[in-house]
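K.L.:
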Amino acid sequence: MSPFYAVTGQDANIEQLGTVPSLVVITNPPEAGRIKQQFDQVFQHLQKHLENAQKRYKSNADRHRTEEISFDIGDEVLVSTKNVRTERPSKKLEYKYMGPYRIKRRINPVTYEVELPAECRIHPVFHINLLKRYIEAEDGERRKPPPPLKLNYEEGFMIEEILDVRRRGRGFEYLIAWEGFGPEDRTWEPRTSLNDDVMLRRWHQSHPEKPSPFALRN
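Counting from 1, one number per residue, gives the positions in the sequence shown under the UniProt record's numbering.
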């Protein structure tokens with residue numbers, strides 16, 4: 001769209017321009033209504049282009065931000081406590097991050113598995129937005145980590161939905177949709193890592209056609 005069209009609502013025609021008047025006086029009301037309608041259409045057109053440009057800018061910025069942040073196996077990171085429920089009475093009293101912990105495995109460009117301590121019984125796979133690189137103090141001394149969090153294990157699961165099940169060797173794996181993450185972050189998890197047979201049994205009751213690790217007994 002040219003600046004002339006944006007201002008006048010018409011494409012410029014050099015042959016018809018002639019002498020540019022210093023003032024345009026509109027005396028015909030119908031003509032004024034038509035011109036107003038043209039300007040309204042131009043405004044809507046410009047607004048749509050602006051919104052599309054803003055969406056493209058945000059999409060490119062998010063993509064570059066993800067490309068700039070990556071971790072290698074063994075890197076130390078801090079894990080956000082955003083989706084971790086604890087026994088503290090208020091979210092404001094909690095530490096924003098826990099750790100540092102080491103990166104154990106890269107599942108995909110935006111999802112990593114972290115080496116969590118055995119007593120921290122939450123799923124060890126996190127989106128990159130929940131991880132922050134651990135930086136040592138300038139004097140080389142390790143910063144003192146925050147005190148251990150008392151996790152509320154009964155509410156600590158972050159499973160949004162079980163989507164499917166499959167046999168894997170002698171065991172079973174479940175396709176998990178994680179709370180707060182998109183379809184690209186879904187993972188196949190062994191039954192042993194889910195630690196909730198009650199939830200699994202309920203899912204199988206709703207999906208009797210699926211293979212199940214729970215043998216039916218007469």
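No residue lacks a Cβ here, since even glycine has one placed at the ideal position from N, Cα and C.
#1: Determine whether the beta carbon atoms of Tyr97 and Thr81 lie at a separation below 8 Å.
#2: Grab the span of the beta strand (DSSP E) containing Asp164 for me, first residue to last.
#3: For His127, which three-state DSSP category applies?
#4: Report, in whole angstroms, the separation of the C-beta atoms of Glu76 and Tyr101, which I expect to be a contact under 8 Å.
#5: What three-state label does DSSP hand Met52 in the structure shown?
#6: Does the Cβ of Gly169 have 16 or more other Cβ atoms within 10 Å, making it buried, or fewer, making it exposed?
#7: Looking at the unbroken beta strand (DSSP E) that takes in Ser206, where does it start and where does it end?
#8: So for Glu115, helix, strand or coil by DSSP?
#9: Quick one: grab the DSSP three-state call for Tyr134.
#10: Pick helix, strand or coil for Val42, following the three-state DSSP scheme.
#11: Reducing DSSP to helix, strand and coil, say where Phe214 ends up.
#12: Measuring only the C-alpha atoms, how far is Glu136 from Leu78?
#13: If you draw a straight line from the C-alpha of Gln37 to the C-alpha of Leu50, how long is it?
#14: Would you check if the distance between the CB atom of Ala177 and the CB atom of Glu189 is smaller than 8 Å?
#15: Within this structure, are the beta carbons of Ile122 and Leu116 separated by less than 8 Å?
#16: Where do the ends of the alpha helix (DSSP H) carrying Thr81 lie?
#17: Keeping to the same chain, check which residues put their C-beta closer than 8 Å to that of Arg201; ignore five residues upstream and five downstream.
#18: Consult DSSP for Ile73 and reduce its assignment to one of helix, strand or coil.
#19: Helix, strand or coil for Gly99 per DSSP?
#20: I need the DSSP call for Gly182, collapsed to helix, strand or coil.
#21: What's the gap between the Cα of Asp40 and the Cα of Tyr134?
P.N.:
Looking at the atomic coordinates:
#1: yes
#2: 159 to 168
#3: strand
#4: Right, the Cβ-Cβ distance comes to about 7 Å (below 8 Å), so this counts as a contact.
#5: Note that residue 52 is Asn in the sequence shown here, rather than Met. Secondary structure at Asn52: helix, using DSSP grouped into helix, strand and coil.
#6: exposed
#7: Not the beta strand (DSSP E): Ser206 falls in the alpha helix (DSSP H), residues 197 to 206.
#8: coil
#9: coil
#10: helix
#11: coil
#12: Their backbone Cα atoms lie some 12 Å apart in a straight line.
#13: Their backbone Cα atoms lie some 20 Å apart in a straight line.
#14: Contact flag unset, no.
#15: yes
#16: Where Thr81 is concerned, there is no enclosing alpha helix (DSSP H), given that its DSSP letter is neither H nor E.
#17: These residues qualify, in order along the chain: Phe214.
#18: coil
#19: strand
#20: coil
#21: Going by the C-alpha atoms only, they are around 53 Å apart.
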